[in-house]
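Worksheet: the structure to be examined is printed underneath.
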Amino acid sequence: MGYCTLRAARIDRRGEGSIAALHATGSRPWISEQDVIAFSPYPARDGTYGALLQLDEHGRVVLDTLSVERRGSFLFVFVNGRPITELEVDKRISDGKIFIRSGLTAADIESMKRDWRLIPQRKKP
């Protein structure tokens, strides 16, 4: 198995929700796997997996800037070449975290483990 690839690209909505531009095609994505430093996977209700991705300082600044300047657009997340989720940018995101609710496979999680450290789990009281 290969290593994990991640692409997050922004699109604008114009008019009746039409897509004007997808920046992942033909240009560098806003955020890539190089911006991720850690993750925390979990089993999703639909039988797939979800994960919380923690970005490095560069990724955090890019996500913060995107969330301020491009509110109302969507962020599409691709993992290992597959579209996983779309996230509406509806508020400022300054903590450098991207939450993927579901859609990841066990193979995706294994490739993430090879590339990024696991975020320590909090102990339940």
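Just so we're aligned: 165 in my numbering is position 20 of the sequence shown, and the numbers increase by one with no gaps anywhere. From the three backbone atoms N, C-alpha and C, an ideal C-beta is built for every residue, glycine too.
Asked                                                                                                                   : Found
Beta-bridge partners of Glu233, as assigned by DSSP                                                                     : Phe219
Neighbourhood of His203 by C-beta distance below 7 Å, restricted to the same chain and skipping five residues each side : Asp180
Spatial distance of Arg259 from Ile229 (CA atoms)                                                                       : 20 Å
Cβ pair Ser218, Arg237 closer than 9 Å                                                                                  : no
Burial state of Gln266 (16 or more Cβ within 10 Å)                                                                      : exposed
For Ile254, the first and last residue of its enclosing alpha helix (DSSP H)                                            : Ala251 to Asp260
N-terminal and C-terminal residue of the beta strand (DSSP E) that Ser185 is part of                                    : Val181 to Pro188
Paired residues, beta bridge with Lys242 - DSSP                                                                         : Gln199
Helix, strand or coil at Trp192 according to DSSP, with G and I counted as helix                                        : Looking at the sequence provided, one finds Gly at residue 192 rather than Trp. If DSSP states are grouped into helix, strand and coil, Gly192 belongs with coil.
Neighbourhood of Asp198 by C-beta distance below 6 Å, restricted to the same chain and skipping five residues each side : First, the residue type needs correcting, since residue 198 is Leu and not Asp in the sequence shown. Excluding sequence neighbours, Leu198 sits near Val181, Phe184 and Ile243.
Cα-Cα separation between Asp235 and Arg216, rounded to whole angstroms                                                  : 6 Å
Whether Phe223 touches Leu232 by CB criterion (9 Å)                                                                     : no
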